[in-house]
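Everything on this sheet refers to the single structure shown next.
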Amino acid sequence: MTDSQTGRMLLSHNFELSDDSFPELNREEFTQVFAEGLSNYPSLKCRKLDHPHWMVEILFPTQELTPPQVGELCAQALDEKRISQKKGDFLPDILILGGLKKTPPLSNAPDTLQTGEWGVDVVETTSAAQFLTALGWDEKTAGKTIDNVFKIEKINNTAS
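Okay, so the sequence shown: first residue is 1024 according to this note's numbering, each after it adds one.
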């Protein structure tokens, strides 16, 4: 666990696009999206993780930024990357789905999500609405507050 002045967010990637629309990002490319995209914010620290699920760690000063604000910056960084790769009219919908870990960790390994840290699923999909419905987002987050969970939506595919 980090100190109380530093928040820790671990990112995973949920790629729900066909191969011909955009390339799936490998671990290094995914990390680079955020390392470059967040580089204008020197107080944010980003590194690649060696974990089967979590790919990127972001450390942020809790006195300057809230977890949803960091989530917004992550959505913007990924959106800018995909705009630079765009070949046609289509851009993916991007979801940043964050939840605060309240249960004991599965491991004390440094690249594992710890109690009090944010696990964030970064989702690229053709339809954010369909993805959230299939996931049961509303049911899973019912009764939870912004202190425990957040959702950032970057809707690019208005046909969804």
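Built from N, CA and C at the ideal position, the CB exists for glycine as well.
Fair warning: this is a prediction, and the values are worked out from it, not measured in the lab.
Quiz item: For residue 1177, does the count of other Cβ atoms within 10 angstroms reach 16, so buried, or fall short, so exposed?
Solution: buried
Quiz prompt | Span of the beta strand (DSSP E) around residue 1116 | solution = 1116-1123
Quiz item: Taking just the CA atoms, how far does residue 1097 sit from residue 1088?
Solution: 13 Å
Quiz item: Looking at residue 1030 and residue 1113, is the spacing between their C-beta atoms short of 9 Å?
Solution: no
Quiz item: Are the beta-carbon atoms belonging to residue 1121 and residue 1102 less than 9 Å from one another?
Solution: no
Quiz item: In or out: residue 1106 buried (at least 16 other Cβ within 10 Å) or exposed?
Solution: exposed
Quiz prompt | Sub-9 Å separation of residue 1169 and residue 1119 beta-carbons | solution = no
Quiz item: Is it buried or exposed for residue 1047, if we count other Cβ within 10 angstroms and need 16 for buried?
Solution: exposed
Quiz item: Got a sec? Which residues, its chain only, sit under 6 Å from residue 1172 by beta carbon, not counting five neighbours each side?
Solution: 1122, 1164
Quiz item: Less than 9 Å separating the beta-carbons of residue 1033 and residue 1140?
Solution: Yes, these two residues count as a Cβ contact at 9 Å.
Quiz item: Using the beta-carbon count (16 or more within 10 Å), is residue 1166 buried or exposed?
Solution: Exposed is the call here.
Practice problem: Name the residue from 1154, 1124, 1117 whose alpha carbon lies nearest to the alpha carbon of residue 1100. | Solution: 1117
Self-check item: Closest by C-alpha distance to residue 1076, when choosing among 1133, 1036, 1161, 1109
Solution: 1036
Quiz item: For residue 1080, which of 1050, 1063, 1129 has the nearest alpha-carbon?
Solution: With distances taken between Cα atoms, residue 1080 lies closest to 1050.
Self-check item: Spatially closest choice to residue 1041 from 1142, 1125, 1061, 1149, by CA coordinates
Solution: The shortest C-alpha separation from residue 1041 is found at 1149.
Quiz item: For residue 1161, which residues from the same chain have a beta carbon less than 8 Å from its beta carbon, with the 5 sequence-adjacent residues on both sides left out?
Solution: 1155
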